[in-house]
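Contents: one structure, followed by commentary.
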Amino acid sequence: MEKTFQTDSGITIAPLYTQPVAMDELPGIFPFTRGIHATMYRDKLWTMRQYAGFSTAEESNKRYHYLLSQGVMGLSVAFDLPTQIGYDSDHPMSEGEVGKVGVAIDSLDDMEVLFKDISLEQISTSMTINATGFILLALYIALAKKQGADIKKISGTIQNDILKEYAARGTFIYPPQPSMRIITDIFDYCSREVPKWNTISISGYHIREAGANAVQELAFTLSNGKAYLKAAIEKGLDINVFAKRLSFFFNAHNHLFEEVAKFRAARRMWANITKELGATDPKAQMLRFHTQTGGSTLTAQQPHNNIVRVAVQTLAATMGGTQSLHTNGYDEALSLPTEEAARIALRTQQIIGYESGVADTVDPLAGSYYVEALTNEVEQKAWDLIHKIDAMGGAVSAIEQGFVQDEIARSAYKYQQDVENNEKIIVGVNKFTTTDTQPPEVFRIDDSIRQIQSDKLKALRARRNNTAVQDILQRISAAAGTTENIMPLVVEAVEKYCTLGEIADTLRNVWGEYK
777 MEKTFQTDSG ITIAPLYTQP VAMDELPGIF PFTRGIHATM YRDKLWTMRQ YAGFSTAEES
837 NKRYHYLLSQ GVMGLSVAFD LPTQIGYDSD HPMSEGEVGK VGVAIDSLDD MEVLFKDISL
897 EQISTSMTIN ATGFILLALY IALAKKQGAD IKKISGTIQN DILKEYAARG TFIYPPQPSM
957 RIITDIFDYC SREVPKWNTI SISGYHIREA GANAVQELAF TLSNGKAYLK AAIEKGLDIN
1017 VFAKRLSFFF NAHNHLFEEV AKFRAARRMW ANITKELGAT DPKAQMLRFH TQTGGSTLTA
1077 QQPHNNIVRV AVQTLAATMG GTQSLHTNGY DEALSLPTEE AARIALRTQQ IIGYESGVAD
1137 TVDPLAGSYY VEALTNEVEQ KAWDLIHKID AMGGAVSAIE QGFVQDEIAR SAYKYQQDVE
1197 NNEKIIVGVN KFTTTDTQPP EVFRIDDSIR QIQSDKLKAL RARRNNTAVQ DILQRISAAA
1257 GTTENIMPLV VEAVEKYCTL GEIADTLRNV WGEYK
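Just so you know, we're using the numbering used here here: the sequence shown kicks off at 777 and counts up by one.
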């Protein structure tokens, strides 16, 4: 039986591509297949932004200063699970999770320490936070004000993509409708008050990590993006204003050419989606994206092999035209990265950026018979899936019906089945294995973190003006039942040292929790 070759999405790969595919597009021009800027990396390399955060704000601040000293160009904050789902560190639900997968942030006190000796007006910061993204954004704005920064000049991103939480990840709090209302409140507020802030990073990364293939990652992400556009338009916002501050977050996996094709197709598809919904400003039609190398591709077995995997994925992201990139540590499958792993991950980007030559010309794989054909096929399969979602009433409806979750689960099952049947080779896992089981040094979190955070919260509640705290929380509660934009009130609340959990609970009492 003749062996067949397929991409991770099941697209059949021909043994030889001999037919040229029409490609008369130029970078920086609609539909931006070849890149959103005419000169791309010839003028400026992608932003090397390493994701970090653990333990207390004090410990994370030390890691940020270390990364900055090693050449990172922007910060990217990881938060612990209690922060992500709206619980203070001393809440019973936080037991065992404080500071484990990210930094614990309970109040403006923690934010001040997290960014100690870091000027928010001088650096851009990405915050991977969703259900409580509005609170973390308010904390960032409040801190910028305390530093004396002009908030119209601060730049950064909050992920703020709640639809993928319902579909793939699970760190949601409120039902879909009030959650979408928060997102459009952020769009509206930032367009007026913090115009350089990227108000959402529509994420395919976690969809891919949950088991989706490249085509599904693309289709589900753009469908979610379309839902956010429509929600904002229905609120009366101008697509030519708010769409300029939308960004995306994609995964880079091991199939080099399919990943490059995915990124190229994504730009073309998004340009057409925004145009169809009324965008006429080219900047509102551009798909700007951050990439992270694929955590789920990295193995606990023979972990140093992961350095090579991350390098391949870095090539895919950069040849695909990413605007910024995080490269995972080789110990990703075992723990948070050690300093050595974080340094090697950053050096991987730097070597590819400065030594490989991929940045010397724009869209270096354009014109390849294979890459152009694959770009078109990935795009067509993604459109087919988007049309199916549209027929269900859009992304929110498709998620509520369980369609997206079922599709992801089906792909995840097939992938694992292929690995276990040796139909998909994973070096060090099902082929070229060794009996050496000596694990590398891993990063460990001190279990005393929760007590440290709880003590800080107790001191905070004792010294603040609790009458003012209760007053602003009541005003937030009242506004939640109206169409008033809640963002100005949330900024005021964190400035009065309301805690993240208090604000989240106030809205839980109005909107309930999504089960």
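C-beta: ideal position from N, C-alpha, C; glycine also.
In this text, all values refer to a predicted model and were calculated from it rather than measured experimentally.
Can you pull the DSSP bridge partners for residue i?
i	result
residue 1101	824, 1067
residue 903	853, 934
residue 914	Paired residue(s): none; residue 914 is not in a bridge.
residue 1022	976
residue 782	788
What is the rounded straight-line gap between the Cα of residue i and the Cα of residue j?
i	j	result
residue 900	residue 1100	11 Å
residue 812	residue 1017	18 Å
residue 1116	residue 848	15 Å
residue 942	residue 1069	22 Å
residue 1271	residue 884	7 Å
residue 1158	residue 992	7 Å
residue 946	residue 794	45 Å
residue 807	residue 797	16 Å
residue 1094	residue 804	16 Å
residue 921	residue 1005	30 Å
residue 999	residue 1246	40 Å
residue 990	residue 950	29 Å
residue 1282	residue 843	37 Å
residue 1176	residue 1067	27 Å
residue 890	residue 1082	30 Å
residue 841	residue 790	49 Å
residue 1089	residue 1163	29 Å
residue 1172	residue 953	9 Å
residue 1181	residue 1188	11 Å
residue 815	residue 1107	35 Å
On the three-state DSSP scale, how would you describe residue i?
i	result
residue 845	helix
residue 1082	helix
residue 1051	helix
residue 1245	helix
residue 1254	helix
residue 1156	helix
residue 1147	helix
residue 1000	helix
residue 1200	coil
residue 1008	helix
residue 1027	strand
residue 1207	strand
residue 879	strand
residue 982	helix
residue 1240	coil
residue 804	coil
residue 955	helix
residue 874	coil
residue 831	coil
residue 949	coil
residue 892	coil
residue 886	helix
residue 860	helix
residue 1045	helix
residue 1092	helix
residue 813	coil
Please check the pair residue i and residue j, which I expect to be a contact at CB under 8 Å, by giving their CB distance rounded to whole angstroms.
i	j	result
residue 1184	residue 987	5 Å
residue 962	residue 910	6 Å
residue 978	residue 1001	5 Å
residue 829	residue 902	Their Cβ separation, rounded to whole angstroms, is 11 Å, which puts residue 829 and residue 902 out of contact at 8 Å.
residue 879	residue 864	14 Å between Cβ atoms; not a contact.
residue 1136	residue 818	7 Å
residue 934	residue 972	Their Cβ separation, rounded to whole angstroms, is 13 Å, which puts residue 934 and residue 972 out of contact at 8 Å.
residue 1143	residue 799	6 Å
residue 1023	residue 1064	5 Å
residue 1047	residue 1154	Residue 1047 to residue 1154, Cβ: 15 Å. No contact.
residue 1034	residue 1223	So it is not a contact: roughly 42 Å between Cβ atoms.
residue 1248	residue 1265	7 Å
residue 914	residue 881	Contact doesn't hold; Cβ gap of about 12 Å is too wide.
Comparing the CB of residue i with every heavy atom of the ligand COA, is any distance shorter than 7 Å?
i	result
residue 1259	Inclusion of the ligand COA in the displayed structure is not the case, the ligand content being empty and no account of it being possible.
Legend entry - Segment contact flag, the region 1227-1241 with the region 874-882, C-beta cutoff 8 Å, min 3 pairs: At 8 Å Cβ cutoff, the stretches touch.
Inset, instruction - Examine the Cβ distances between the region 1130-1144 and the region 1103-1117 and report whether three or more of them are shorter than 8 Å. - result: no
Legend entry - Cβ pair count under 8 Å reaching 3, the region 936-951 against the region 973-987: They touch, by the three-pair rule.
Inset, instruction - Evaluate the contact criterion for the region 1090-1099 versus the region 1072-1082: three or more CB pairs, one atom per stretch, below 8 Å. - result: Contact fails: fewer than three Cβ-Cβ distances are below 8 Å.
Legend entry - Stretch pair the region 880-896 + the region 923-932: three plus CB contacts closer than 8 Å: yes
Legend entry - Validate contact between the region 1016-1036 and the region 818-838 using beta carbons, cut 8 Å, 3 pairs: no
Inset, instruction - Spell out a yes or no on whether the region 1259-1266 and the region 955-975 are touching, meaning 3 or more CB-CB pairs, one atom from each, closer than 8 Å. - result: yes
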